[in-house]
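All remarks here apply to the structure that follows.
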Amino acid sequence: MKEELLHLFPEGAAVNAKGHLEIAGCDTVALAGEYGTPLYVLDESHIRNKCRQYVSEFTGRFADTRVAYASKACLNKAVARVIREEGLELDVVSGGELAIALSAGFPAARVYFHGNNKSPEEMRYAFENGVGYIVADNLMELELLQQLAVEFGYSPEVLIRVTPGVEAHTHQHITTGYTGSKFGLPLGDAAGAIKKARKLVNLKLVGLHCHLGSQINETRPYEEALGVLIDFSREVYDKEGFELKKLSIGGGFGVNYTLQDRALPVSVYADTIINTLTSACNRAGLSTPGLIIEPGRSIIGPAGVTLYRVGMIKEIQGLIKYVTVDGGMADNIRPALYDASYAAVAAGKMYEPASEKVTIAGKYCESGDILVKDVSLASVTMGDIVAIPVTGAYCLPMASNYNGAPKPAVVMVNCGGSRVICRREEYSDLVRLDVG
Ligand code: LLP
Numbered sequence: 002m003k004e005e006l007l008h009l010f011p012e013g014a015a016v017n018a019k020g021h022l023e024i025a026g027c028d029t030v031a032l033a034g035e036y037g038t039p040l041y042v043l044d045e046s047h048i049r050n051k052c053r054q055y056v057s058e059f060t061g062r063f064a065d066t067r068v069a070y071a072s073k074a075c076l077n078k079a080v081a082r083v084i085r086e087e088g089l090e091l092d093v094v095s096g097g098e099l100a101i102a103l104s105a106g107f108p109a110a111r112v113y114f115h116g117n118n119k120s121p122e123e124m125r126y127a128f129e130n131g132v133g134y135i136v137a138d139n140l141m142e143l144e145l146l147q148q149l150a151v152e153f154g155y156s157p158e159v160l161i162r163v164t165p166g167v168e169a170h171t172h173q174h175i176t177t178g179y180t181g182s183k184f185g186l187p188l189g190d191a192a193g194a195i196k197k198a199r200k201l202v203n204l205k206l207v208g209l210h211c212h213l214g215s216q217i218n219e220t221r222p223y224e225e226a227l228g229v230l231i232d233f234s235r236e237v238y239d240k241e242g243f244e245l246k247k248l249s250i251g252g253g254f255g256v257n258y259t260l261q262d263r264a265l266p267v268s269v270y271a272d273t274i275i276n277t278l279t280s281a282c283n284r285a286g287l288s289t290p291g292l293i294i295e296p297g298r299s300i301i302g303p304a305g306v307t308l309y310r311v312g313m314i315k316e317i318q319g320l321i322k323y324v325t326v327d328g329g330m331a332d333n334i335r336p337a338l339y340d341a342s343y344a345a346v347a348a349g350k351m352y353e354p355a356s357e358k359v360t361i362a363g364k365y366c367e368s369g370d371i372l373v374k375d376v377s378l379a380s381v382t383m384g385d386i387v388a389i390p391v392t393g394a395y396c397l398p399m400a401s402n403y404n405g406a407p408k409p410a411v412v413m414v415n416c417g418g419s420r421v422i423c424r425r426e427e428y429s430d431l432v433r434l435d436v437g
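For what it's worth, the working numbering labels the leading residue of the sequence shown as 2, then goes sequentially.
Next up, the structure:
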């Protein structure tokens with residue numbers, strides 16, 4: 002195994018005397034034996050340290066920055082508690098995510114409610130529970146917010162989501178800041194929305210929100226978007242007298258999935274975003290608004306590892322060697338959906354040379370169910386454990402029961418200890434909602 006591969010695993014990853022991969026002091030082969038496979042493993046310290054890093058890098062440069070964890074990346078009660086304890090805020094996009102957060106005792110006042118089609122029921126649920134902020138996507142939503150503000154006698158702070166017309170170089174399915182996106186309003190329409198929101202006297206409009214896309218490994222889109230948004234805010238200030246008090250630049254900070262990726266350190270994003278914001282505001286003669294950032298993937302992605310057990314191995318002579326594992330697209334849809342690349346190691350053979358080029362295939366009935374193409378791996382046999390790093394984000398929340406697959410368990414590891422935070426589904430769970 003290449004030594005550098007360990008850098009893709011959570012911070013405390015190591016190889017023990019048996020040649021097994023260890024995460025947070027836990028032997029991954031033993032974890033697979035104890036809890037079964039496929040198994041999602043989350044390193045608690047890694048999540049906490051990332052939260053702290055975001056807070057210190059951003060607030061150290063600009064005190065009025067709030068870090069809201071984008072819960073769509075991965076949310077369950079244990080993760081919500083960690084985020085709460087670290088003092089972050091939370092971005093949710095549905096009544097369901099809000100319900101998970103509330104069930105973990107996450108304070109609603111620290112929640113941002115996003116979404117391009119929040120239903121009246123979801124909005125009511127948010128108001129009933131005292132959600133602190135709403136990110137309004139469109140004009141119809143503003144009307145609904147006004148009605149609810151009257152009905153409930155209070156208004157959360159409202160930010161209007163805009164598309165600054167900036168393209169982020171990432172997968173087409175996860176870019177969102179371009180004009181014509183289904184999310185938010187182009188600036189022309191946003192000016193009208195601000196005008197309208199200011200007439201709706203019960204609304205507490207405080208600012209703008211934009212999110213450019215995800216897995217962005219460059220700073221340029223953030224710089225461009227901030228420039229555009231501050232110029233726009235100056236125009237709106239001149240025309241409408243609206244003063245921008247809060248600005249969310251969204252999330253999207255990239256991570257290294259493989260040794261070929263070149264993710265940027267948090268400090269580089271913090272430097273660029275804060276310098277660009279403050280200098281653009283100075284130039285425009287505006288006071289610098291409070292900044293909100295919404296990292297998801299970069300907080301929890303690299304904290305996660307998925308463990309699989311090897312099953313059938315098939316070599317098609319001269320063409321390809323498939324190592325099939327007991328999971329696949331039902332627990333990680335990202336390779337099939339976005340052509341996402343991952344690394345992999347044989348968790349019990351870390352000292353053995355990666356002597357074979359194989360393709361790690363899943364067990365589901367789709368040719369696209371391939372987890373990792375052409376990866377160098379130690380020679381494995383049935384029963385060996387394969388570990389895929391950087392699977393903490395957008396794997397479990399996008400998991401399905403395709404082909405009757407029970408969803409894997411999630412285990413949190415910390416300082417040599419492990420505990421189940423989401424139990425594995427059983428066959429009975431597959432019919433628990435059936436009433437016929
Ligand atoms: N804020 C908003 C408004 C968002 O829509 C998102 C992600 C985030 C923050 C967090 O972005 P992050 O820091 O995690 O990149 N399923 C895709 C990713 C979809 C991201 C959707 N929005 C994937 O697996 O790559």
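Backbone N, C-alpha and C define an ideal beta-carbon position, used for all residues, glycine too.
Note that this is a predicted model, so its numbers are computed, not measured.
Helix, strand or coil for Glu244, going by three-state DSSP, please let me know. Against the sequence shown, residue 244 aligns to sequence position 243. Three-state result, Glu244: coil.
Rounded to a whole number of angstroms, what is the C-alpha to C-alpha distance between Cys423 and Ala362? Stepping through the sequence shown from its first residue, residue 423 is reached at position 422. Stepping through the sequence shown from its first residue, residue 362 is reached at position 361. It is roughly 25 Å from the alpha-carbon of Cys423 to the alpha-carbon of Ala362.
Under 8 Å Cβ to Cβ from Tyr238, same chain only, skipping five residues before and after it: list those, please. Taking the first residue of the sequence shown as 1, we reach residue 238 at position 237. Contacts found: Glu244, Leu245, Leu287.
Three-state class that DSSP yields for Tyr352 in the structure shown: Numbered from 1 along the sequence shown, position 351 holds the residue referred to as residue 352. Three-state DSSP puts Tyr352 in coil, outside helix and strand.
Can you tell me whether Tyr258 sits near the ligand LLP, meaning its C-beta is under 7 Å from at least one heavy atom of the ligand? If you number the sequence shown from 1, residue 258 lands on position 257. Not so, every heavy atom of the ligand LLP lies at least 7 Å from the Cβ.
For Val446, the nearest candidate out of Asn130, Glu122, Asp65 (CA to CA): Beyond the ends of the chain as shown, which are 2 and 437, falls residue 446; an answer cannot be given.
Under 7 Å from any heavy atom of the ligand LLP, does the C-beta of Lys73 make it? The residue labelled residue 73 in the question sits at position 72 within the sequence shown. Indeed, a heavy atom of the ligand LLP lies less than 7 Å from the Cβ.
Using only alpha-carbon positions, find the residue among Gly133, Pro121, Gly116, Ala74 that is nearest to Leu103. Numbered from its first residue, the sequence shown carries residue 103 at position 102. When each option's Cα is compared against that of Leu103, the closest is Gly133.
With Lys205 as the anchor, note down where its beta strand (DSSP E) starts and where it stops. Looking up residue 205 in the sequence shown gives position 204. 205 to 210 is the extent of the beta strand (DSSP E) around Lys205.
Please give the ranges of any alpha helix (DSSP H) in the region 316 to 391, keeping only runs that are unbroken, at least 4 residues long and fully inside the region. Qualifying alpha helix (DSSP H) stretches, in chain order: 335 to 339.
DSSP-derived helix/strand/coil call for Gly37: Residue 37 sits at position 36 when you count from the first residue of the sequence shown. In the three-state DSSP reduction, Gly37 falls in the coil class, being neither helix nor strand.
Just the Cα atoms here: how many angstroms apart are Asn218 and Leu265? Position 217 of the sequence shown, counted from the first residue, corresponds to residue 218. Position 264 of the sequence shown, counted from the first residue, corresponds to residue 265. Taking the CA atoms as reference points, Asn218 sits about 6 Å from Leu265.
Going by DSSP, what residue range makes up the alpha helix (DSSP H) through Ala127? Locating residue 127 in the sequence shown gives position 126, counting from the first residue. Per DSSP, Ala127 belongs to the alpha helix (DSSP H) from 121 to 129.
Might you give, ordered along the chain, the residues of its own chain that have their beta carbon closer than 8 Å to the beta carbon of Asp370, omitting 5 neighbours on each side? Numbered from 1 along the sequence shown, position 369 holds the residue referred to as residue 370. So the list reads Gly329, Met330, Ala337, Ala362, Gly363, Lys364, once near-sequence residues are dropped.
Given 7 Å as the limit, tell me if Glu295 has its C-beta closer than that to any heavy atom belonging to the ligand LLP. Mapped onto the sequence shown, residue 295 falls at position 294. Glu295 has its CB nearer than 7 Å to a heavy atom of the ligand LLP.
Span of the beta strand (DSSP E) around Arg82: Taking the sequence shown and counting its residues from 1, one reaches residue 82 at position 81. That residue, Arg82, is in no beta strand (DSSP E); its alpha helix (DSSP H) goes 78 to 86.
For Gln147 and Leu201, what's the separation of their Cα atoms in angstroms? If you number the sequence shown from 1, residue 147 lands on position 146. If you number the sequence shown from 1, residue 201 lands on position 200. In a straight line, the C-alpha of Gln147 is about 6 Å away from that of Leu201.
Taking 8 Å as the cut-off, does the region 423 to 434 touch the region 54 to 69 (at least 3 CB pairs, one atom from each stretch)? The region 54 to 69 vs the region 423 to 434: no contact.
Give me, in chain order, the residues of the same chain whose beta-carbon lies closer than 6 Å to that of Tyr506; leave out the 5 immediate sequence neighbours on both sides. No statement about residue 506 is possible, as the shown extent of the chain runs from 2 to 437 and does not include it.
Does Ile24 come out as helix, strand or coil in the three-state DSSP assignment? Residue numbering aside, residue 24 sits at position 23 when the sequence shown is read from its first letter. Three-state result, Ile24: strand.
Span separating the alpha-carbon of Asp28 from that of Ala394: To locate residue 28, count along the sequence shown from 1; it is residue 27. To locate residue 394, count along the sequence shown from 1; it is residue 393. Cα to Cα, the separation comes out at about 22 Å.
Would you check whether the ligand LLP has a heavy atom nearer than 7 Å to the C-beta of Met413? Along the sequence shown, one-based indexing puts residue 413 at 412. No, the Cβ of Met413 stays beyond 7 Å of every heavy atom of the ligand LLP.
Compute the distance between the beta-carbons of Tyr41 and Thr307, then report whether it is under 8 Å. Within the sequence shown, residue 41 is the residue found at index 40, counting from 1. Within the sequence shown, residue 307 is the residue found at index 306, counting from 1. Yes. Within cutoff.
Beta-carbon separation of Pro398 and Leu76 under 8 Å? In the sequence shown, the residue the question calls residue 398 occupies position 397. In the sequence shown, the residue the question calls residue 76 occupies position 75. Taking 8 Å as the cut-off, the Cβ atoms of Pro398 and Leu76 count as close.
Taking the beta strand (DSSP E) that Ile217 falls in, what are its first and last residues? Within the sequence shown, the letter at position 216 stands for residue 217. Taken as a continuous stretch (DSSP letters only), Ile217 belongs to no beta strand (DSSP E), as it is neither H nor E.
Would you kindly report the start and end of the unbroken alpha helix (DSSP H) that includes Asn276? What you label residue 276 is simply residue 275 of the sequence shown in a count that begins at 1. DSSP places Asn276 inside the alpha helix (DSSP H), whose first and last residues are 267 to 285.
Can you list, in chain order, the residues of its chain whose CB lies under 6 Å from that of Met141, leaving out five sequence neighbours each side? One-based indexing of the sequence shown puts residue 141 at position 140. Excluding sequence neighbours, Met141 sits near nothing in its chain.
For Val373, which residues from the same chain have a beta carbon less than 6 Å from its beta carbon, with the 5 sequence-adjacent residues on both sides left out? In the sequence shown, the residue the question calls residue 373 occupies position 372. Excluding positions up to five away in sequence, the list reads Tyr343, Ala345, Ile361.
Backbone CA spacing between Ser72 and Val83 [nearest angstrom]: Your numbering for residue 72 matches position 71 in the sequence shown. Your numbering for residue 83 matches position 82 in the sequence shown. Their backbone Cα atoms lie some 12 Å apart in a straight line.
In the DSSP assignment, what residue or residues form a beta bridge with Glu90? As a working note, residue 90 is residue 89 in the sequence shown. Per DSSP, Ala69.
Taking the straight line between their C-alpha atoms, what separation do you get for His115 and Gly349? The count along the sequence shown starts at 1 and reaches residue 115 at position 114. The count along the sequence shown starts at 1 and reaches residue 349 at position 348. Roughly 42 Å separates the two Cα atoms.
Does Gly251 pass the burial test, meaning 16 or more other C-beta atoms within 10 Å, or should it be called exposed? Taking the first residue of the sequence shown as position 1, residue 251 is located at position 250. Counting Cβ neighbours within 10 Å, Gly251 comes out buried, since at least 16 surround it.
With DSSP as the reference, label Cys423 as helix, strand or coil. The count along the sequence shown starts at 1 and reaches residue 423 at position 422. Three-state result, Cys423: strand.
Proximity below 8 Å, CB of Gly305 to CB of Gly26: For the purposes of this step, residue 305 is identified with residue 304 of the sequence shown, where counting begins at 1. For the purposes of this step, residue 26 is identified with residue 25 of the sequence shown, where counting begins at 1. No.
When DSSP labels each residue in this structure, what does Asn50 get in the three-state scheme? Residue mapping note: residue 50 aligns to position 49 of the sequence shown, counting from 1. If DSSP states are grouped into helix, strand and coil, Asn50 belongs with the helices.
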